[in-house]
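To start, the structure under review is shown below, and the notes come after it.
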Amino acid sequence: MNYEYFIAKRIIGSKAYKSSISAPIIKIGIAAIAIGMVVMMIAIATGIGLQEKIRDKVVAFNGHISVTNYDSNASQESIFPITLDEKTERFYPKFTTVEGISHIQAVATVFGVIMTDSIFEGAVLKGVGKDYEWKYFNEFLIEGRVPRFDTKWSEEILISKYLADRLEFKVGDRFQMHFLNEDTKKPIRSVGLEVVGIYNSGFQDFDATYLIGNLRHVQRINSWKENQIGNFEVFIEDYDDIDRLGVEVFQNTPPTLNTITINDKFYSIIEWVKIFDKNIYGIIAIMILVAGINMITALLVLILERTQMIGILKALGSTNWSIRKLFLFNASHLILLGLFWGNILGLGILFAQKYFKIFPLDPSVYYVTEAPVYISLSYIILLNVGTLLLCLIMLLIPSFIITRISPVKAIRFE
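Okay, here's the thing in structure tokens:
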């Protein structure tokens, strides 16, 4: 054990240290570190959590990458079908030519009107097949179950809570949905549907738009063949690779088809989500600066309080750097103490939010009903190590005051 650490340990453990004039300032410094850690952990956990949750909601309704026909259609409807033939067999039903693709599914959409005795509501029927990925909607499901397409003309549908409340539907209700058709002999087609599940994604733009039903009905409404679909939705394993995989998917699909990632299709939402990163960086910088300033104050008080000890150590042959190390060891103890309590409080709040949902959010603004949290050991460790190192670096400059203390004057100091 080096003597700097030994002396620092003795100082920390002494009763005089705990009842000294500097004790309140030291406690304030520890509290600043702890509060800063709590704020930084909450900022990172909720920022990343909100980013992932919003992206997951967008992905649930669109996939990471959409493969569509080249056309100028900007509506939610599928106008021109894609025919499943030998060209599409290269990537559907399995997309094996590009690494990083987890799933691909065929869907189609058509706009219709639901009429009841007291109200009517427009919505988009999204037709899906047996290959549909229900993983995301299982999370959104609040009542009933997801549809099963055991029969060719299954009438089961999944409806949002928003539409169910407006139409006064509940699980088990049946209704008619009406669609316009190009057929002049029968311009309106109706389909009987049954509500088997109600979901709530919290993303009102999507909840107010989509019902999830049988792809066969959309094909019949549009007078398509069984091998014709509206578009493909591609899911990837790692969102961070979306731009690269978007290019590779485009290169591995026929030239008659176009691809678009959710980053491009929902540019405003994705860019808004990215702003959270800047907020997180800003909060971290401010909290570390505040904690560092408080620790600088505590260190200066400790140095001034032990001026005589510094003079004696210098007289006994200690170097300036050796004495500075002694006080940096002392400061490290205070920082670690603040980090410890900050981690306890921060993780307590985050786990409470994760399991008890104590902080709600307005879904019309944030697209979620409660503040989501992302808890990962990697960022917690990085945050702790980074805070410790940055605070110590900031303390190197004020510790330089030790070199200006004269042993003769310090020993005689009263």
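Under my numbering, the sequence shown is numbered contiguously, ending at residue 428.
From the three backbone atoms N, C-alpha and C, an ideal C-beta is built for every residue, glycine too.
A quick note: this is a predicted structure, and the numbers were derived from the prediction, not measured.
Quiz item: Sorted by chain position, which residues of the same chain lie with C-beta nearer than 6 Å to V73's C-beta, five sequence neighbours on each side aside?
Solution: Counting from one through the sequence shown, the residue named residue 73 turns up at place 59. There are no such residues.
Quiz item: In this structure, does DSSP put I274 in helix, strand or coil?
Solution: Within the sequence shown, numbered from 1, the residue matching residue 274 stands at position 260. Under the three-state reduction of DSSP, I274 is assigned to strand.
Exercise. Go to H78, then tell me how far its alpha helix (DSSP H) extends in each direction, as first and last residue.
Key: Mapped onto the sequence shown, residue 78 falls at position 64. From DSSP, H78 is part of no alpha helix (DSSP H); its letter is neither H nor E.
Quiz item: Would you call the region 42-49 and the region 119-127 touching, i.e. three or more CB-CB distances under 8 Å?
Solution: These segments do not touch.
Quiz item: Are Q65 and F290 closer than 8 Å when you measure CB to CB?
Solution: Residue numbering aside, residue 65 sits at position 51 when the sequence shown is read from its first letter. Residue numbering aside, residue 290 sits at position 276 when the sequence shown is read from its first letter. Yes; because the gap between Cβ atoms is below 8 Å, this pair is in contact.
Quiz item: Is E428 helix, strand or coil when you go by DSSP?
Solution: Against the sequence shown, residue 428 aligns to sequence position 414. Note that E428 scores 48 on pLDDT, short of 50, meaning its location in the model is unreliable and no value can be drawn from it.
Quiz prompt | Terminal residues of the alpha helix (DSSP H) in which Y281 lies | solution = Walking along the sequence shown from the start, residue 281 turns up at place 267. Where Y281 is concerned, the enclosing alpha helix (DSSP H) stretches over 281-319.
Self-check item: Euclidean distance between Cα positions of F20 and S336
Solution: As a position in the sequence shown, residue 20 is number 6, starting the count at 1. As a position in the sequence shown, residue 336 is number 322, starting the count at 1. For F20 and S336, the gap between their C-alpha atoms comes out near 12 Å.
Self-check item: Limits of the beta strand (DSSP E) - the one that M152 falls within
Solution: Within the sequence shown, the letter at position 138 stands for residue 152. For the record, residue 152 in the displayed sequence is Asn; it is not Met. N152: not part of any beta strand (DSSP E); member of the alpha helix (DSSP H) spanning 149-154, first to last residue.
Quiz item: Given a threshold of 16 other Cβ atoms within 10 Å of its Cβ, counted over all protein chains shown, does P269 qualify as buried or as exposed?
Solution: If you number the sequence shown from 1, residue 269 lands on position 255. When all chains shown are included, P269 counts as exposed.
Exercise. Name the two residues that bound the continuous beta strand (DSSP E) containing K239.
Key: Taking the sequence shown and counting its residues from 1, the one referred to as residue 239 is at position 225. Looking at the DSSP string, K239 is not in any beta strand (DSSP E), and its letter there is neither H nor E.
Quiz item: If we ignore side chains and look at the alpha-carbon of each, how far apart do V315 and G331 end up?
Solution: Start at 1 with the first residue of the sequence shown, and residue 315 comes out as number 301. Start at 1 with the first residue of the sequence shown, and residue 331 comes out as number 317. Computed Cα separation, rounded: 24 Å.
Quiz item: Exposed or buried, which one is F94 when buried takes at least 16 other CB atoms within 10 Å?
Solution: Along the sequence shown, one-based indexing puts residue 94 at 80. Counting Cβ neighbours within 10 Å, F94 comes out exposed, since fewer than 16 surround it.
Self-check item: For F343 and T417, the rounded distance between their alpha carbons
Solution: In the sequence shown, residue 417 corresponds to position 403, counting from 1. In the sequence shown, residue 343 corresponds to position 329, counting from 1. In a straight line, the C-alpha of T417 is about 17 Å away from that of F343.
Exercise. State the DSSP-derived secondary structure class of A45, mapped to helix, strand or coil.
Key: Along the sequence shown, one-based indexing puts residue 45 at 31. Reduced to three states, the DSSP call for A45 is helix.
Quiz item: P161 to L172, Cα distance in whole Å?
Solution: On the sequence shown, residue 161 is found 147 positions in, with the first residue counted as 1. On the sequence shown, residue 172 is found 158 positions in, with the first residue counted as 1. Each residue's Cα considered, the two are about 6 Å apart.
Quiz item: From S36 to I302, what distance separates their C-alpha atoms?
Solution: Sequence index remark: in the sequence shown, residue 36 carries index 22 (1-based). Sequence index remark: in the sequence shown, residue 302 carries index 288 (1-based). Looking at the backbone, the Cα of S36 and that of I302 are separated by about 22 Å.
Quiz item: If we count the other Cβ atoms within 10 Å of its Cβ and call it buried at 16 or more, is E428 buried or exposed?
Solution: Counted from its first residue, the sequence shown places residue 428 at position 414. Residue confidence is low: E428 scores 48 on pLDDT, short of 50, so the model does not pin down where it sits. Its coordinate-derived value is still stated next. E428 comes out exposed.
Quiz prompt | K175, enclosing beta strand (DSSP E) - first and last residue | solution = Indexing the sequence shown from 1 puts residue 175 at position 161. Premise fails: K175 lies in the alpha helix (DSSP H), 175-181, not in any beta strand (DSSP E).
Quiz item: For I349 versus I250, is the C-beta spacing smaller than 8 Å?
Solution: Translated into the one-based positions of the sequence shown, residue 349 becomes position 335. Translated into the one-based positions of the sequence shown, residue 250 becomes position 236. Judged by beta-carbon spacing, I250 lies beyond the 8 Å limit of I349, meaning their Cβ atoms are not closer than that value.
Quiz item: For Y381, does the count of other Cβ atoms within 10 angstroms reach 16, so buried, or fall short, so exposed?
Solution: Position 367 of the sequence shown, counted from the first residue, corresponds to residue 381. With 16 or more other Cβ atoms within 10 Å, it is buried.
Quiz item: Is DSSP giving E247 helix, strand or coil here?
Solution: Locating residue 247 in the sequence shown gives position 233, counting from the first residue. Strand, per DSSP.
Quiz item: Among D70, D164, P421, which one has its Cα closest to the Cα of F154?
Solution: As a working mapping, residue 154 is identified with position 140 in the sequence shown. Looking at D70, D164, P421, the one whose alpha-carbon comes closest to that of F154 is D70.
Quiz item: Can you list, in chain order, the stretches of the alpha helix (DSSP H) that have 4 or more residues and sit fully within the region 62-137?
Solution: Annotation note: the region 62-137 contains no uninterrupted alpha helix (DSSP H) run of length 4 or greater.
Practice problem: Return helix, strand or coil for F163, following the three-state DSSP convention. | Solution: By one-based count along the sequence shown, residue 163 stands at place 149. Three-state DSSP puts F163 in coil, outside helix and strand.
Exercise. Measure from the alpha carbon of R24 to the alpha carbon of each residue in L340, S378, L404, I389, then state which is nearest.
Key: Counting from 1 along the sequence shown, the entry for residue 24 is found at position 10. Considering only alpha carbons, the answer is L340.
Quiz item: What's the C-alpha gap between F109 and I307?
Solution: Residue 109 sits at position 95 when you count from the first residue of the sequence shown. Residue 307 sits at position 293 when you count from the first residue of the sequence shown. Those two C-alpha atoms are separated by around 55 Å.
Quiz item: For I389, does the three-state DSSP call read helix, strand or coil?
Solution: As a working mapping, residue 389 is identified with position 375 in the sequence shown. Reduced to three states, the DSSP call for I389 is coil.
Quiz item: What separation, rounded to the nearest whole angstrom, lies between the Cα atoms of P412 and L318?
Solution: For this step, residue 412 is matched to residue 398 along the sequence shown. For this step, residue 318 is matched to residue 304 along the sequence shown. Taking the straight line joining both Cα atoms gives about 12 Å.
Quiz item: What span of residues does the alpha helix (DSSP H) with I337 cover, start to end?
Solution: Numbered from 1 along the sequence shown, position 323 holds the residue referred to as residue 337. That run of the alpha helix (DSSP H) goes 334-370.
Self-check item: Run of the alpha helix (DSSP H) containing S378, from where it starts to where it stops
Solution: Taking the sequence shown and counting its residues from 1, the one referred to as residue 378 is at position 364. From DSSP, the alpha helix (DSSP H) with S378 extends over 377-380.
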